[in-house]
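So for the sequence shown, the working numbering puts the first residue at 111; every next one is plus one.
Where a beta carbon is used, it is the ideal one built from N, C-alpha and C, also for glycine.
These notes are about the structure you will find just below.
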Amino acid sequence: MPAARETLLDAAHVAVRSRPWSVVRMVDVAAAAGVSRQTLYNEFGSKEGLGAALVERVLEDFLDGAARAAAEACRSGHAPAGCCAAAARWVLRTARTEPIVGAALTGCLETRMPLPTRTAPGKLAAALHGRVVSGLEEARRVPVGGPLREDFDRGEVERAYEVGLRVALSYVVAPLQGPGDEEPCGRVDEVVRALLAHQA
């Protein structure tokens with residue numbers, strides 16, 4: 111029943127965006143999805159199963175989005191600094207608008223969701239690294255699926271990624287407060303480029 115599964119995950123996602131997971135009730139999720147509570151239990155087995163499936167789906171979308179942001183910047187002709195700054199902006203924007211992603215990146219997921227093993231911040235950071243760098247490698251192949259372009263420097267990409275991720279995570283963990291700090295994503299781009307220029 112794939113359609114019911116996705117509808118249930120959508121309903122659980124709406125619920126957890128408005129209140130802590132500990133007070134989300136299975137009966138309310140089932141009602142919001144328009145299915146019986148038994149259907150919900152048949153699909154996920156338990157509330158923990160539902161939470162784990164929701165976290166997995168949200169984080170997969172997050173990882174894909176970061177890789178896509180970097181690859182699109184690459185295909186637009188940006189150097190590694192610009193590509194990884196694009197991924198950093200995606201990380202920051204998503205962490206600020208998606209409670210599950212923000213909680214997973216900071217290690218505070220238990221307040222919003224069950225904490226599946228994969229979401230430990232170190233594992234999530236490693237998965238993010240792999241997804242973004244692989245996306246950049248594929249985007250820099252000519253033609254797609256062919257050999258890497260001659261100007262593709264894996265070391266430069268790794269440095270740019272490391273700087274971009276650290277800058278984005280610093281904003282996630284310690285958001286700025288005060289006037290004009292509502293949208294620091296442009297500053298992420300500037301900081302990434304400045305740090306990489308300083309390293310060169």
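Rounded straight-line distance, which links the Cα of residue j to that of residue i
i, j, result
"Arg-135", "Asp-120", "14 Å"
"Gly-288", "Tyr-281", "Its pLDDT being 47, under 50, Gly-288 is placed unreliably in this model, and the value from its coordinates should be taken loosely. The straight-line gap from Cα to Cα measures roughly 14 Å."
"Thr-227", "His-123", "For Thr-227, the pLDDT reaches just 49, beneath the cut-off of 50, and the residue's location in the model is therefore unreliable, although a value from the coordinates is still provided. Each residue's Cα considered, the two are about 20 Å apart."
"Gly-240", "Thr-117", "30 Å"
"Arg-264", "Leu-246", "10 Å"
"Arg-250", "Gly-187", "10 Å"
"Val-301", "Gln-148", "51 Å"
"Phe-172", "Val-283", "17 Å"
"Asp-291", "Ala-213", "At Asp-291 the pLDDT is 48, less than 50, meaning the model places this residue with poor confidence; the figure from the coordinates comes in the next sentence. In a straight line, the C-alpha of Asp-291 is about 20 Å away from that of Ala-213."
"Ala-177", "Gly-144", "34 Å"
"Leu-202", "Val-211", "10 Å"
"Leu-150", "Glu-266", "47 Å"
Closest residue to residue i among the options (Cα-Cα distance)
i, options, result
"Asp-174", "Arg-127, Val-242, Arg-250", "Val-242"
"Arg-129", "Ser-186, Val-145, Glu-208", "Glu-208"
"Glu-182", "Ala-197, Ala-113, Asp-171, Glu-170", "Ala-197"
"Leu-238", "Ala-141, Arg-115, Gly-274, Val-145", "Gly-274"
"Ala-141", "Ala-114, Ala-180, Arg-167, Ala-163", "Ala-114"
"Glu-268", "Ala-284, Glu-166, Ala-236", "Ala-236"
"Val-168", "Ala-278, Leu-234, Val-277", "Leu-234"
Residue range of the unbroken alpha helix (DSSP H) whose run includes residue i
i, result
"Cys-218", "Premise fails: Cys-218 is in no alpha helix (DSSP H) and is neither H nor E."
"Pro-130", "Note, Pro-130: premise wrong, no alpha helix (DSSP H); not H, not E."
"Val-165", "157-185"
"Gly-192", "190-207"
"Ala-270", "264-283"
"Arg-147", "147-154"
Integer Cβ distance of residue i from residue j, believed to fall under 8 Å
i, j, result
"Val-137", "Ala-125", "In fact, because the Cβ distance is near 11 Å, the residues do not count as touching under 8 Å."
"Arg-199", "Ala-179", "7 Å"
Per the contact definition of three or more C-beta pairs closer than 8 Å, is the stretch 158-166 in contact with the stretch 189-196? no
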